[in-house]
Amino acid sequence: MRTPQLSNRTHLLLLTGWAVLWFIVVEPSGGFSWHYLRTGGELIYDGGSSGDGGLNLYARHPELQMGPISFLVAGLFNPFPAMVGQVLAEALMSLLGLVILVLAGRSAARHLLGTGTNHQRLRQRVLIAGLAFIPMWIEVSVRFAHLDDVLALFFTALAVRYLTRCDAAATGICMALALDSKPTAVAFLPLLLALPKERWLRAGLWCVGLVAVAWLPFFLVAPDSFAAAKFTIPNNPASALRWLGGNTPQTPDWARPAQAALGLGLGAIAVWRGRWAAVVLLGANARIVLDPSVYTYYTASVLLGTLLWDVCGQRRLVPWWSWIALLVLYGSVFLVPDESLKGLIRLGFVVVSTAYVLFAPVRDRRDRNQHRSLDRVEEEPVAGPWGPMWDPGRTRPWEARPVTER
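In the numbering used here, the protein residues as written are 373 to 778.
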C-alpha cells in the first residue's frame, strides 16, 4: 500500500495549524514564568543605575537562572504593556518551534544525502514527530514562557543544521549562543565532536570565546555572581533524583555538576559510536534524571532530542521515540497519581531510551559511502522536507540515486 503523497506546503500548513490550535488552548493560562524574564530584561538594560541591574544582575538576583542572551531578548518586549509583551513573546517562541521542525528536516535531508533516502517518507517522518513535538513546545513557550529554554533549544537545533554542513565556526557560535541562553545547554556540547577532527579547534575556540564574552563581565565586575551557581530549589517527591539517593529537601550539592558530567559523558560516547543524532536526547535525559524539579516544560528538551533521533538517527517511518516520550513523560503527569511512581517512570524512560540510542542496532546505509569525505555536503544539492535547496539546473538527489527505503 502506497503512503499518501503530501506536498511541502501541506506538511507545513498541518503543523502550523496544530501549533495554532495548541497556542489558542494554552495561552489563556500561559506565561507562568514570564515575570522572571521580564524582570531580568528590565534589569539587564538598567545599566547598574539602581545597583541591582546591569552587570550586578546575578549577584543581586541569584534566582534568575537564565543566561544573559535570554534577558537581552526578553528586554526587547519591555516597551510594550506587560500583557501585550507577554503574548508577543509567546507568539515568537511558538514560531521558533516551527522553525526548529524545518531545521530538523533539512538537517536530516543533508545528513542522509547519498543514502538512497526516500524524501517523501522523510517529510512524513518529520510531520509525525512534529505532531508530538508541538504540544511540549507550546508547554515551554506559552504555558511557562521559558524564553531561556526556547532559545537554548533553538540555537542547538541551528547548530545541528550547521553541523550537517560541516561549518565549524557556525556550529561553535550556535552552541555558544545556546549556552549564553541557558547554562544547562552545556550537555549538548558533544555535538562539536561530531565535526571532523581537524575542525574541532576552530569550533571550540568560537564557542569558548563567545561564552566568555557573554558571562565573564558579570563575574569580573560582581564576583558575588557566583552565588547564582549555588541557588537551590525544592527536591520534588516525583523527581527521579530521589530514586538515586538524592533525598535532601533542596537540590543536593552534587546534582548540578553530575547533570553536566553525565550529559557530556553520554554525548561523547554517542559521538564515538557514530550516533551524534542522540546527543541532545542524552543531554536532556541527564537533566530530567538528576534534576530535583519535575516541571513539564523540561520535557520539551527531551522531545527535541527524540525529534533529532527519529529523523536523523534512524529510518523508521513512524518516529516511535517522539511519541513514547510524549506519552510516558507528559501523560504520566496526568494519569499517575503516586508521586514516587512518577519518579520511577521518569527514571525508567531515561534508562531505556539511553540504552536504546547507544546500543540498539541501527541500520545505517551510509556505510557504502564511508570512503567519501564529509565535506561532500558543502558541494552537493539537497532537498529538505520543506522546500528544495538545490540549483534548479541540477539533478535532484533522490532522482540521481536509487531509492532504497521501503
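Beta carbons are placed, not taken as given, at the ideal position from N, Cα and C, and that holds for glycine. The model shown is predicted, which means the values in this text are computed figures rather than measured ones.
query	result
Along the chain, which unbroken stretches of the alpha helix (DSSP H) at least 4 residues long are found entirely within the stretch 531-603?	540-553 and 572-593
If you draw a straight line from the alpha carbon of P434 to that of L387, how long is it in whole angstroms?	38 Å
Mind checking who Q622 pairs with in its DSSP beta bridge?	P606
Relative to the alpha-carbon of V445, which residue among H491, F591 and D521 has its alpha-carbon at the smallest distance?	D521
Give the secondary structure of E752 by DSSP, where H, G and I count as helix, E and B as strand, and everything else as coil.	The predicted model places E752 with a pLDDT of 38, which falls under 50 and marks its position as unreliable, so this point remains unresolved.
Give the DSSP-derived three-state secondary structure of F404 in the structure shown.	coil
Do you know offhand how far R682's Cα is from F591's?	In the sequence on display, residue 682 carries Asp and not Arg. Each residue's Cα considered, the two are about 40 Å apart.
Which one of G581, H407, Q437 and G618 has the shortest CA to CA distance from F600?	The sequence shown places Ala at residue 600, not Phe. The residue with the shortest Cα to Cα distance from A600 is Q437.
Are there 16 or more other CB atoms within 10 angstroms of the CB of E771, so buried, or fewer, so exposed?	Its pLDDT being 31, under 50, E771 is placed unreliably in this model, and the value from its coordinates should be taken loosely. Under this definition E771 is an exposed residue.
Do you know how far the Cα of N608 is from the Cα of R571?	42 Å
Between the Cα of A504 and the Cα atoms of Q686, L716 and V674, which residue gives the shortest distance?	V674
Tell whether a beta-carbon distance below 8 Å holds between V661 and A612.	yes
Please report the straight-line C-alpha distance between P568 and A640, rounded to a whole angstrom.	14 Å
Do you know how far the Cα of L475 is from the Cα of K714?	33 Å
In three-state DSSP terms, what is E435?	coil
Could you have a look at T668 and say whether DSSP puts it in helix, strand or coil?	helix
Would you identify the three-state DSSP class for P451, choosing helix, strand or coil?	coil
Return the CA-CA distance between A650 and A391, expressed in angstroms with no decimal places.	25 Å
Candidates Q631, A557 and W509: which alpha carbon is nearest A531's?	A557
Near R381, what residues of its chain come up, given a Cβ to Cβ distance below 7 Å and the 5 sequence neighbours on each side ignored?	none
Where does the unbroken alpha helix (DSSP H) through G637 begin, and where does it stop?	A627 to W644
Hey, how far is the Cα of V734 from the Cα of A642?	13 Å
By a C-beta neighbour count over all protein chains shown, 10 Å radius and 16 as the cutoff for buried, is A454 buried or exposed?	exposed
Do you know how far the Cα of P562 is from the Cα of P555?	15 Å
With a CB to CB cut of under 7 Å and the five nearest residues on each side skipped, what residues in its chain are close to I545?	W578 and L582
I believe P449 touches G439 by the beta-carbon criterion, under 8 Å. Please report the beta-carbon distance rounded to the nearest angstrom.	Per the sequence shown, residue 449 should be read as Phe rather than Pro. So it is not a contact: roughly 17 Å between Cβ atoms.
Buried or exposed for L384, please, with buried defined as at least 16 other CB atoms from any protein chain shown within 10 angstroms of its CB.	buried
Suppose only complete runs of 4+ residues qualify. What are the alpha helix (DSSP H) ranges in the stretch 652-713, listed by chain order?	671-680, 692-697 and 703-707
Counting only the same chain and skipping the five closest in sequence on each side, list residues whose C-beta sits under 8 Å from that of P507.	W394, L698 and Y702
Apart from the five residues on each side of it in sequence, which residues of its chain come closer than 8 Å, Cβ to Cβ, to T411?	H433 and L436
Please return the same chain residues whose Cβ sits closer than 8 Å to the Cβ of A780, not counting the five positions on each side in sequence.	For the chain, the structure presents residues 373 to 778; residue 780 sits outside this window and is missing.
Label G731 either buried or exposed according to how many other C-beta atoms from any shown protein chain fall within 10 Å of its C-beta, with 16 as the threshold for buried.	The residue asked about is misnamed: residue 731 is Phe in this sequence, not Gly. By the 10 Å Cβ count, F731 comes out exposed.
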